[in-house]
């Protein structure tokens, strides 16, 4: 799966513990991400997919999750407004190259976010 068109927005820190935490970034929808989640859901028999020519209330949210405790990176797609799998999270599988690229994107975005926060504190 291509990751060059994935952007990371809005960093959240969750499950902060002494030995690790979960960092979570919102990801704006792309056609490719929608298609990936559509395929996963269609394999499970769900036909209320997100597509340009399909009209329903279903929409997806995407997140990049980094677990620092166990060094895991996940791309999650969450289904909204579906009759059968509403609020269900699906893992979108990534190969090692995609994981590496997204990890570097997350690190770069974290550095940007920290720098912005630091410069705001100086004002």
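Numbering (the working numbering), first residue to last: 1102 to 1224.
Glycine residues also receive a C-beta, built at the ideal position from the N, C-alpha and C atoms.
Quick one: is residue 1107 buried, meaning 16 or more other Cβ sit within 10 Å of its Cβ, or exposed?
Answer is buried; the Cβ neighbour count reaches 16.
Do you know whose CA, among 1203, 1178 and 1197, lies nearest residue 1132's CA?
Ranking 1203, 1178 and 1197 by Cα distance to residue 1132 puts 1178 first.
Identify every run of the beta strand (DSSP E) within the region 1136-1219, keeping only runs that are complete inside it and at least 3 residues long; order them along the chain.
Fully enclosed beta strand (DSSP E) runs of 3 or longer: 1160-1168, 1173-1181 and 1190-1193.
Within 10 angstroms of its Cβ, does residue 1212 collect 16 or more other Cβ (buried), or is it exposed?
Exposed, by the Cβ-count rule.
If you follow the beta strand (DSSP E) that residue 1115 is part of, which residue opens it and which one closes it?
Its beta strand (DSSP E) spans residues 1110-1118.
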